[in-house]
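To start, the structure under review is shown below, and the notes come after it.
See below:
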């Protein structure tokens, strides 16, 4: 795999980690405030949809090859997105009004 494709993949994994943290935080009210069977089904669908979307986009970028450092970038992106979620939420809802 060429260096350009690896850099694109790393950037995508970081951005997808940010995206996943935002979507997870927005979806948390449905995961924690409903009935048990609804929690289970929403959680399973949420994870499956996000994993499928991640893999399909990665399939377009680098033919679906997943390296451990891609997962590390995904985790770092999720951590940063989760830590900065209040600021991101304020900017999103400020612009939507």
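Numbering (my numbering), first residue to last: -17 to 79. Note that beta-carbon positions come from the ideal geometry of N, C-alpha and C, so glycine has one too.
| Query | Result |
| --- | --- |
| Taking its Cβ as the centre, do 16 or more other Cβ atoms sit within 10 Å of residue -1, making it buried, or is it exposed? | buried |
| Write down the C-beta distance between residue 21 and residue 29 rounded to the nearest angstrom, noting that I regard them as a contact closer than 8 Å. | Rounded, the Cβ-Cβ distance is 12 Å, inconsistent with contact. |
| Are the beta-carbon atoms belonging to residue -6 and residue 39 less than 8 Å from one another? | yes |
| Of all the alpha helix (DSSP H) runs that stay within the bounds of the region -7 to 40, which reach a length of 4 or more residues? | none |
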